[in-house]
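Novice: Sharing a structure below in structure tokens format, with a few things to ask.
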Amino acid sequence: MTGPYPGRPEAVIVDGRTLSCEDVAAVALHGARVVLADEVLPRLARDRAVVDDVVDRQVPTYGLTTGLGSRSSYALPRDELAQFSVRTVRGRANAVGDPLPVPVVRAALVARVNGLAGGGSGVSPEIVPLLVGMLNSRVHPVVPEVGSIGASDLCQMAHVGLVVIGEGRAELLGEVLDGAAALRRARLSPAELGPKDGHVLCSASPLAAGHGGLVLHEAATVLTLAQAVTALTFEGFRANTSPLDARVLGLRPAPGQSRAAAELLALLAGGDLTDPRHARRVQDPISLRCAAQVHGALHSALDFAGAALDPELNGSGDNPVVLADSGEILSSGNFHTPALALAFDTLALALTQTAAISAERMRRLLNPGLSGLPANLSPYGPERSGFAPLAKTAQALVAEIRLLSAPVSTDPRHGADGVEDDSTNAALGARRLSTMLVRLRQLLAVEALAAAQAVDLASPAALGRGPVVLRTAIRELVPRLDDDRPCGADVDRVSDAVLWSDEVRSTLRALTRGAS
Numbered sequence: 000m001t002g003p004y005p006g007r008p009e010a011v012i013v014d015g016r017t018l019s020c021e022d023v024a025a026v027a028l029h030g031a032r033v034v035l036a037d038e039v040l041p042r043l044a045r046d047r048a049v050v051d052d053v054v055d056r057q058v059p060t061y062g063l064t065t066g067l068g069s070r071s072s073y074a075l076p077r078d079e080l081a082q083f084s085v086r087t088v089r090g091r092a093n094a095v096g097d098p099l100p101v102p103v104v105r106a107a108l109v110a111r112v113n114g115l116a117g118g119g120s121g122v123s124p125e126i127v128p129l130l131v132g133m134l135n136s137r138v139h140p141v142v143p144e145v146g147s148i149g150a151s152d153l154c155q156m157a158h159v160g161l162v163v164i165g166e167g168r169a170e171l172l173g174e175v176l177d178g179a180a181a182l183r184r185a186r187l188s189p190a191e192l193g194p195k196d197g198h199v200l201c202s203a204s205p206l207a208a209g210h211g212g213l214v215l216h217e218a219a220t221v222l223t224l225a226q227a228v229t230a231l232t233f234e235g236f237r238a239n240t241s242p243l244d245a246r247v248l249g250l251r252p253a254p255g256q257s258r259a260a261a262e263l264l265a266l267l268a269g270g271d272l273t274d275p276r277h278a279r280r281v282q283d284p285i286s287l288r289c290a291a292q293v294h295g296a297l298h299s300a301l302d303f304a305g306a307a308l309d310p311e312l313n314g315s316g317d318n319p320v321v322l323a324d325s326g327e328i329l330s331s332g333n334f335h336t337p338a339l340a341l342a343f344d345t346l347a348l349a350l351t352q353t354a355a356i357s358a359e360r361m362r363r364l365l366n367p368g369l370s371g372l373p374a375n376l377s378p379y380g381p382e383r384s385g386f387a388p389l390a391k392t393a394q395a396l397v398a399e400i401r402l403l404s405a406p407v408s409t410d411p412r413h414g415a416d417g418v419e420d421d422s423t424n425a426a427l428g429a430r431r432l433s434t435m436l437v438r439l440r441q442l443l444a445v446e447a448l449a450a451a452q453a454v455d456l457a458s459p460a461a462l463g464r465g466p467v468v469l470r471t472a473i474r475e476l477v478p479r480l481d482d483d484r485p486c487g488a489d490v491d492r493v494s495d496a497v498l499w500s501d502e503v504r505s506t507l508r509a510l511t512r513g514a515s
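Under numbering that gives the first Met the number 0, the first residue of the sequence shown is numbered 0, with each subsequent residue one higher.
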């Protein structure tokens with residue numbers, strides 16, 4: 000994302016307890032600095048003292064004094080514990096494919112820093128400031144996109160661990176370097192790993208959590224855009240707004256629908272369409288009449304996902320975990336993320352519903368028998384194609400979105416023989432959401448172009464405030480369609496320069512703020 004970040008903090012204070020999706024976006028997308036809260040390093044030192052004590056007493060402890068996975072019954076020689084940490088990182092850096100985008104890597108890094116800052120990992124305290132230094136100096140480990148099955152993000156986060164020890168590859172100011180060179184240019188020194196450190200660098204689910212924070216942040220914005228585009232379609236179609244009446248919705252208070260309806264009415268405020276007497280017909284097609292129900296379900300899915308994500312961003316996903324108060328290190332299942340994976344799947348399905356009705360609203364605008372407008376929104380009559388071919392593009396986008404909505408949390412999966420017999424695919428669940436959100440934004444751009452044309456042809460006396468913002472931004476870039484012309488480039492312009500515009504987004508958010 001480009002442009003200023005509304006309300007962007009100069010720094011995000013990381014304390015292990017309060018990291019939000021907005022904080023993740025500020026660090027990942029807009030380069031906000033990360034600062035450790037004052038209590039973090041003393042907390043890490045207390046936890047590390049427990050690790051040192053357990054090592055000194057040679058207490059059998061998973062991943063510390065024993066091997067990992069199916070080798071957990073193997074006792075490690077005392078003099079090999081530090082080297083075992085290095086081998087743990089090297090042996091798990093097995094991800095493949097194209098590098099993850101830099102914002103996703105930054106999101107994973109800040110999620111891991113926050114998870115460590117809250118305590119429970121027992122990591123050597125100096126490693127956390129090094130990770131912070133990498134973020135603030137923009138040393139971004141090259142992490143391939145495929146490798147996590149959701150039983151911790153081991154095979155991908157190990158690529159971060161390689162850079163921490165001065166190996167692997169990292170991107171710095173657009174140049175890909177070996178890890179040691181990148182750290183050196185940033186005036187950072189590689190870490191000397193101690194017992195447990197290698198496992199900590201690979202453990203937990205920071206890729207799923209960090210990337211999840213990014214997609215939830217973006218999905219909330221795309222929902223606002225979907226509401227604004229729907230309001231513009233309402234204006235062009237001259238839709239009946241009586242289904243948005245709070246009294247109607249109160250008779251069956253489905254999750255999120257009242258909020259979605261209030262937002263639509265807030266966007267339409269200032270125009271004459273909020274009075275149902277100005278509607279073209281008494282009952283519209285479902286894609287218009289039930290927009291609040293569908294968008295309300297997306298609101299509900301976002302709430303569900305947010306509740307599942309918060310413990311992943313602000314909790315310890317390590318195994319085992321260190322309990323400083325009792326001096327114990329206990330086996331943990333906190334790395335397992337079924338609720339998060341289920342939330343991502345639910346959000347994917349809700350986005351698909353939103354996409355489906357967007358394409359249908361666009362098609363209704365092209366139908367003169369329903370819209371009362373010229374066929375295919377062409378002012379020249381049936382000898383012109385108008386927007387009809389663009390409906391095929393809309394359907395192609397819906398098809399891809401629908402394909403990506405297939406649940407990933409139910410796939411058969413396994414890890415180490417005998418002990419790692421379940422996983423969640425949470426990181427994959429987040430990654431496919433990124434693609435879905437891009438396609439949905441492109442689809443909303445298709446609908447927005449058609450809706451702006453419909454408004455031009457319908458010439459309503461007064462537009463609502465939200466439609467005015469959106470139509471004005473569109474017409475500054477794309478003229479109305481008169482004779483037939485290629486429209487794909489118009490869609491891309493609206494998607495990238497209007498719906499991706501910080502100014503448009505912040506204005507629309509302001510118009511819907513407080514609606515309930």
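All residues carry an ideal CB built from backbone N, CA and C; glycine is no exception.
#1: Does DSSP put Ile12 in a helix, in a strand, or in coil?
#2: Determine the DSSP secondary structure at Tyr4, reduced to helix, strand or coil.
#3: Check whether the Cβ atoms of Ile473 and Val497 sit closer than 7 Å, and answer yes or no.
#4: For Val454 and Thr232, I'd like the C-alpha separation in whole angstroms.
#5: Rounded to whole angstroms, what's the CA-CA distance from Thr240 to Gly249? Just pull it up for me.
#6: Check whether the region 318 to 326 and the region 41 to 50 are in contact - that is, three or more C-beta pairs closer than 8 Å.
#7: When you compare only the Cα positions, how much space is there between Thr1 and Leu28?
#8: What does DSSP give as the partner residues of Ile328 in its beta bridges?
#9: According to DSSP, is Thr17 part of a helix, a strand, or is it coil?
#10: Can you name the start and end residues of the beta strand (DSSP E) that Ala169 belongs to?
#11: On a CA-only basis, which of Pro466, Gln352, Pro406 and Met156 is nearest Ala340? Give me that one, please.
#12: When the Cα of Arg105 is compared with those of Gly178, Ala25 and Asp196, which residue comes out closest?
#13: Quick one: what does DSSP say Arg186 is sitting in, helix, strand or coil?
#14: Do you know offhand how far Asp516's Cα is from Gly146's?
#15: In the DSSP assignment, the beta strand (DSSP E) including Gly209 goes from what residue to what residue?
#16: Sort out for me which residues DSSP pairs Gly149 with in a bridge.
#17: Expressed to the nearest angstrom, what Euclidean distance is found between the alpha-carbon atoms of Leu187 and Leu130?
#18: Could you tell me the distance, in whole angstroms, from the CA atom of Arg430 to the CA atom of Tyr379?
#19: Using a Cβ-Cβ cut-off of 6 Å (strictly less than) and excluding sequence neighbours within five positions of Arg288, which residues of its own chain qualify?
#20: Can you tell me whether DSSP reads Thr65 as helix, strand or coil?
#21: Kindly indicate which residue of Ala387, Val467 and Arg470 has the alpha-carbon position closest to the one of Arg363.
#22: Where do the N-terminal and C-terminal ends of the beta strand (DSSP E) with Pro98 fall, by residue?
#23: If we count the other Cβ atoms within 10 Å of its Cβ and call it buried at 16 or more, is Thr117 buried or exposed?
#24: Express the C-alpha separation of Arg111 and Arg56 in angstroms, rounding to a whole number.
#25: Output needed for Val127: all residues of its chain with C-beta closer than 8 Å, excluding positions within five of it in sequence on either side, in chain order.
#26: Are there three or more Cβ pairs, one per stretch, closer than 8 Å when the region 292 to 308 is compared with the region 492 to 509?
#27: When you compare each of Thr64, Leu99, Val101 and Pro275 to Phe83 by their alpha carbons, which one comes out closest?
#28: Inspect the beta-carbon positions of Gly149 and Leu462 and report whether they are closer than 7 Å.
#29: Does the pairing of the region 349 to 361 with the region 431 to 439 give three or more beta-carbon distances under 8 Å?
#30: Within the continuous alpha helix (DSSP H) that includes Asp491, where are the two ends?
#31: For Pro478, is the classification buried or exposed, using 16 other Cβ atoms within 10 angstroms of its Cβ as the cut-off for buried?
Specialist: Reading from the atomic positions:
#1: Looking at Ile12 - three-state DSSP - the assignment turns out to be strand.
#2: Note on Tyr4: pLDDT 41, under 50, position unreliable in the model; the coordinate value appears next. Note: Tyr4 maps to coil in three-state DSSP.
#3: Yes, the Cβ-Cβ distance between Ile473 and Val497 is below 7 Å.
#4: Roughly 8 Å between the two C-alpha positions.
#5: Spanning the two alpha carbons is a distance of roughly 15 Å.
#6: In this structure the region 318 to 326 lies against the region 41 to 50, because at least three pairs of beta carbons, one per stretch, are closer than 8 Å.
#7: At Thr1, the pLDDT of 33 sits below 50, so the modelled position is not reliable; the number obtained from the coordinates is stated separately. Going by the C-alpha atoms only, they are around 8 Å apart.
#8: Val321.
#9: Here DSSP, grouped into helix, strand and coil, assigns Thr17 to coil.
#10: Segment Arg168 to Leu171, the beta strand (DSSP E) holding Ala169.
#11: If we check each option's Cα against that of Ala340, Pro406 comes out closest.
#12: Ranking Gly178, Ala25 and Asp196 by Cα distance to Arg105 puts Ala25 first.
#13: Looking at Arg186 - three-state DSSP - the assignment turns out to be coil, as it is neither helix nor strand.
#14: As shown, the chain starts at 0 and ends at 515. That puts residue 516 outside it, with no answer to give.
#15: Element bounds for Gly209: not the beta strand (DSSP E) but the alpha helix (DSSP H), Pro205 to Phe236.
#16: Ser151, per the DSSP bridge assignment.
#17: Spanning the two alpha carbons is a distance of roughly 10 Å.
#18: Approximately 44 Å between the Cα atoms of the pair.
#19: Counting only Cβ-Cβ distances below 6 Å, and skipping sequence neighbours, we find Pro242.
#20: Under the three-state reduction of DSSP output, Thr65 falls in the strand class.
#21: That would be Ala387, whose Cα lies nearest to the Cα of Arg363.
#22: Residues Val95 to Pro98.
#23: Before going further, note that residue 117 is Gly rather than Thr in the sequence given. Burial call: buried.
#24: Whole-angstrom Cα-Cα distance: 29 Å.
#25: Counting only Cβ-Cβ distances below 8 Å, and skipping sequence neighbours, we find Leu35, Val39, Leu40, Leu43, Val112, Leu115 and Ala116.
#26: No contact exists between the region 292 to 308 and the region 492 to 509.
#27: Minimum Cα-Cα distance from Phe83 among the listed residues Thr64, Leu99, Val101 and Pro275 corresponds to Thr64.
#28: Contact: no.
#29: Contact holds: three or more Cβ-Cβ distances are below 8 Å.
#30: Annotation: the continuous alpha helix (DSSP H) that includes Asp491 extends over Gly487 to Arg492.
#31: So Pro478 ends up on the exposed side.
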